[in-house]
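This report refers to the structure that appears directly beneath it.
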Amino acid sequence: MENADKKPKKGFSRRKFLAISGSGVAGTLALLYFGRGAIRRKISDVTSEMDIPADVSNFDHKLWFEVNADNTITLKSPKAEMGQGIFTGFAMLAAEELDMAVEKIKVVHANSLNGLLSNTAASNSTSSFYVTIREVAATLRETLKLQASKLWNIPVASISTKDGMLTAGDKQLSYADLAKQITKWETTETPALRPSSQFKYVGKQQKRIDLPDKVLAKPIYGIDTTLPNMVYGAVLYSPYVKGTLKSADTSGAKNSTGVLKIVEETNWIGVVATSRYAAQTAVEKIKAEWDYNPNVSTKDLEKLITVGNGKEVNIQNDGDTDSVPDEVLTGEFRTPIGFHGNLEPSIVVADYKDNKITLYASFQNPAYLQTSVAEALDLKTEDVAIVPTYMGGGFGRKAFKSNAVEAAKLSKAVGKPVHLLATRQQEFQNGYVRPNTHHVLKGKVGKDGKILAFEHHLATGPMIFNSVPAIAETILGADFILAGHGARCAYHVPNVKTTIWHNNLPFETSIWRGVGMFANTFAIESFMDELAHKAGVNPLKLRIDHCDDTPQLVRRKKLLEIIGEKSGWHLPKSEGVGRGLAVCDDRKTVSAAVVEVKIVDGAIKIVKVIQAIDPGKIINPDGIRQQVEGATMMAISASLYEQGTVENGQFVQTNFHNYQVVRLSDTPEIEVILHEGSEVPSGVGEPPLSPIAPAIANAIFDLTGKRLRSLPLQLVLQNASNQ
Amino acid sequence: MQLSLTINNKPTVLDVEPEMPLLWLIRDEAQLKGTKFGCGKALCGACSLYVDGDLIRSCSYPAQLANGKKITTIEGLSENETHLHPVQQAWLEVQVPQCGYCQSGFMMAAAKLLEENPNPTADDIKNGISNICRCGTHPRIIKAILLAAKLKNDGKRG
Ligand code: FES
Ligand code: FES
């Protein structure tokens, strides 16, 4: 097992912290200057295992904590709370070292003026800070002890801490009373962390500390930000993909009620008004003409994203897949464009004053906000302050491309704080999407049920290129880091080949919950089912038989055994029920699902989902269950309904009436099984999403004998039955 | 246009554009931020509140129609913060919210559903509320409404 309590080797200063997001990728890119081909494969090996550094040094307790007068401690979280429960996880970890109850630790968002900020993405909130939070908490505890020892003039070793109190013999003082008396803080070294065997809170059920505010509907989100003298913005963007502004007549807007200012930029026009309604009404009066390509359509995009087309980059090549004589099985899969549908649209409140700006933002990536606004307004980065808020969902949409630059320019134009909320249509048409994909799988399976060769050819648009320097595209060739995440064959097969075919789509494509794992797992795990049927082997057994003794495959095998047993995989099914299975390995977490389906009135109905997850060390079991349930519902949505399309140069989807998502009526019975297969916590937000689509497709095959190879599954089934 | 309305039992007079959606009156003018914007087209339910006791989607309800009426928002669902509505109690007990953004709309819809049907089945709930939650809290919402029904009925009996 990995050592979770190891001491940090390197640290980073406060300034470096803000910039750390994406540094793993940037570092990787530097390496890439050294070669192509084989090197790319090496990089792909490295990045598929990539860890984001999270150690801390130069401890300054004020960047992390405030000791409050009521003897509670405020922890300033560098990560944003987007629903994943990270504030609760952090409070639990801090409580272990601070010797006070979880309820006594309040967690708030740090901001760039008072604390440290980090990117909230890649399901790494807990795993990347598992050590750090305990270290800073332990250092604060030791610092308080040191101060008490000076006050009482006794050795540190004679002081103990419990329930927020420092005690030595008959002397006793609360953390708060001590902190009040400290005029100059002297910081200690970071002590050794307590071993997990001594944990009091971690691993036990903990109610989420953010839920009382959420149930009372307190104003905690970006959209709720209110500042004195605040006015409202609205922006007109191109309704066409990559459209450019040709001409605009803003006279109607200028005379509209409540309008304070119109800002015309090269590719958008903004209005500031006394109310949101006035701003929106004025924007609707702008007559704009756009230059755009009317020929962009889904049909052509599918042609563009097709294996054999574009730049080919091989990322995995073991043995020789051509050397195997048996009959080849081929399967071809497609996944569509996906929208995020985060319920709180992009929102920024910008407050520009004296060549400085403060941005209140519901956003996953503060460093991106800071640099993009500094650049656009020609400000020093340190003059752009970021105040993160709770997010009403993100799912990858709030990682890049925000409306902060627009808000900032509008605020500068009127000299007042401006509240800028995107409309739902803009959230669909002017953000970015999950790229569509095409997969060709080839496999050879022997009579003995051994897979001899496995090839995966993936065609995809990129997810990474809006987060790295432009040169990256030339160097990488294809996005094997994000879009290619999960493309490799994880099973032990002697002859394996994975290739990515890269093409850019004519609109922005980027990350979506699970990144490439969602599409790649759909293809690979559907195809595993096909191989099992071809070989006449039980699909569970085929998967287990191809797990060797490498650590991740040992965990996969164990989890497959658990879900096989708990789901009653080998027991008879009820009449009219189909059962399917899939598994994936994502962010070092193993996630497996068994799905049971029925056909009701000609439509697929998911009746039961059993999810088994091995997220390593479990911090808050119910928090993990919540994430698994949520990922299951989002994945059912993406598997059965969601499909972005483009016609006449425009995204067809503008709101939830033409982008269907799951509702309460789609809710199956969901059972979650937790298995702690490692001492180190790993990601939870994304992994359980990816096994759902293939498990549904496999269940449909089990029930109907029909192999559905394109998402969304429902549409295809209906088409198939109409023919 | 000057509108007189009662918001969470408080008589309020506001001067707004008559066609302004009630949602913006509540959020930006009355400064009650619990009611949320999700779609602006009556599709997601994030903006749900009551007008004279009827559940409506305030993003698509012109402010002038509320003139002289009684509005209840999520902030007025409970008597006060120590005596939570059974729906809110159940929401905490079941630990429903994730990002939480859709939840005030769901709680308003749930409280209305229980008024009309004090003993709903899971299917009544599934078919009775069409709000959107993107975080996937659906299984817990159903569980919490069943629990809220029980809490409410027990409260009445007790
Ligand atoms: S915002 Fe009103 S229904 Fe969506
Ligand atoms: S809890 Fe996030 S949208 Fe429902």
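Those sequence lines, one after another, are chains A and B.
Everything in the first sequence is counted per my numbering, starting at 397 for the first residue and increasing by one.
Everything in the second sequence is counted per my numbering, starting at 1032 for the first residue and increasing by one.
We treat Cβ as the ideally placed atom computed from N, Cα and C, and that holds for glycine.
Residue environment, residue i, which counts as buried when at least 16 other CB atoms sit within 10 Å
i, result
"A:Ala-1116", "Note that A:Ala-1116 has pLDDT 48, beneath the 50 cutoff, so the model's placement of it is unreliable and no number is given."
"A:His-929", "buried"
"A:Gly-1101", "exposed"
"A:Thr-653", "exposed"
"A:Val-996", "exposed"
"B:Asn-1150", "exposed"
"A:Ile-867", "exposed"
"A:Glu-1043", "exposed"
"A:Gln-1046", "buried"
"A:Ser-417", "Any reading at A:Ser-417 needs caution, since the residue's pLDDT is 32, under 50, leaving its predicted position unreliable; the model's value is listed next. Buried, by the Cβ-count rule."
"B:Lys-1041", "exposed"
"A:Glu-926", "buried"
"A:Val-991", "buried"
"A:Glu-904", "buried"
"A:Pro-1108", "buried"
"A:Glu-582", "exposed"
"A:Asp-945", "exposed"
Same chain only: Cβ atoms within 6 angstroms of residue i, ignoring 5 sequence neighbours per side
i, result
"A:Asp-1018", "Gln-601"
"A:Lys-657", "Val-668, Ala-809, Val-810"
"A:Ile-940", "Lys-953, Leu-956"
"A:Ala-1008", "Leu-955, Ile-958, Ile-959, Ala-988, Ile-1069"
"A:Glu-851", "Thr-717, Lys-838, Lys-893"
"B:Gly-1159", "Leu-1144"
"B:Asn-1163", "One detail in the question is off: residue 1163 of chain B reads as Ile in this sequence, not Asn. Taken in chain order, the residues that qualify are Cys-1075."
"A:Ile-743", "Gly-618, Ile-619, Ser-758, Leu-817"
"A:Asn-799", "Ser-742, Val-744, Leu-816, Ala-818"
"A:Ser-922", "Pro-1090, Ala-1093"
"B:Pro-1170", "none"
"A:Thr-563", "Ser-556"
Cβ-heavy atom distance, residue i to ligand 1, below 7 angstroms
i, result
"B:Gly-1071", "yes"
"B:Phe-1068", "yes"
"B:Gly-1065", "no"
"A:Leu-641", "no"
"B:Ser-1091", "yes"
"B:Leu-1074", "yes"
"A:Arg-793", "no"
"A:Arg-672", "no"
"A:Cys-980", "no"
"B:Cys-1078", "yes"
"B:Met-1058", "According to the sequence shown, residue 1058 of chain B is Arg rather than Met. Not so, every heavy atom of ligand 1 lies at least 7 angstroms from the Cβ."
"B:Arg-1088", "yes"
Residue i beta carbon near ligand 2 (any heavy atom closer than 7 angstroms)
i, result
"B:Gln-1119", "no"
"B:Tyr-1081", "no"
Same chain, Cβ closer than 8 angstroms to residue i, neighbours up to 5 away in sequence not counted
i, result
"B:Lys-1072", "Cys-1090, Ser-1091"
"A:Ala-770", "Lys-776, Thr-777, Asp-779, Val-780"
"A:Leu-425", "Reliability fails at A:Leu-425, whose pLDDT of 38 lies under 50, so the model's placement of it is uncertain and the value that follows must be treated cautiously. Excluding positions up to five away in sequence, the list reads Val-864, Pro-865, Ile-867, Ala-868, Ile-871, Leu-872."
"A:Arg-1051", "The question names Arg, but residue 1051 of chain A in the sequence shown is Asn. Same-chain partners within the cutoff: Arg-820, Gln-821, Phe-824."
C-beta neighbour in chain C for residue i, strict 8 angstroms
i, result
"B:Gly-1186", "Of the protein chains in the structure, A and B, none is chain C."
Neighbourhood of residue i by C-beta, 7 angstroms cutoff - its chain only, sequence neighbours within 5 removed
i, result
"B:Ala-1140", "Gly-1076, Ser-1079, Leu-1086, Ile-1160, Asn-1162"
"A:Val-463", "Ile-469, Tyr-571, Ala-572, Ala-575"
"A:Glu-499", "none"
"A:Tyr-597", "Met-488, Ala-491, Glu-492, Val-498"
"B:Glu-1106", "Asn-1039, Leu-1063, Gly-1065"
"A:Val-720", "Lys-840, Leu-848, Ala-849, Asn-891"
"A:Met-782", "For clarity, residue 782 of chain A is Ile in the given sequence; the question names Met instead. Only Asn-507, Ser-508, Leu-513, Leu-755, Ala-757, Pro-762, Leu-765, Gln-766 meet the Cβ criterion."
- [ ] Report all residues for which the CB-ligand distance to some heavy atom of ligand 2 is below 7 angstroms; order them along the chain.
- [x] Look at which beta carbons fall closer than 7 angstroms to any heavy atom of ligand 2; those residues are A:Gly-479, A:Leu-739, A:Gly-788, A:Gly-789, B:Pro-1128, B:Gln-1129, B:Cys-1130, B:Gly-1131, B:Tyr-1132, B:Cys-1133, B:Gln-1134, B:Cys-1164, B:Arg-1165, B:Cys-1166, B:Thr-1168.
Task: Complete runs of the beta strand (DSSP E) confined to the region 696 to 765 of chain A [at least 3 residues] - done: Complete beta strand (DSSP E) runs here, min 3: 707 to 714, 725 to 731, 743 to 749, 752 to 757.
Task: Any alpha helix (DSSP H) of 4 or more consecutive residues that is wholly inside the region 883 to 949 of chain A - done: Qualifying alpha helix (DSSP H) stretches, in chain order: 913 to 931, 935 to 941.
Open item on the list: For a minimum of 4 consecutive residues, which ranges assigned as the alpha helix (DSSP H) are wholly contained in the region 801 to 868 of chain A?
Closed with: Fully enclosed alpha helix (DSSP H) runs of 4 or longer: 820 to 825.
- [ ] Output the residue ranges of the alpha helix (DSSP H) runs that lie fully inside the region 593 to 669 of chain A and measure 4 residues or longer, sorted by chain position.
- [x] For secondary structure counted as the alpha helix (DSSP H) over 4 or more consecutive residues, the region 593 to 669 of chain A holds these complete runs in sequence order: 607 to 611, 647 to 650.
Task: Runs of beta strand (DSSP E) wholly within the region 1032 to 1059 of chain A (minimum 3 residues, chain order) - done: For the region 1032 to 1059 of chain A, not a single whole beta strand (DSSP E) run of length 3 or above is found.
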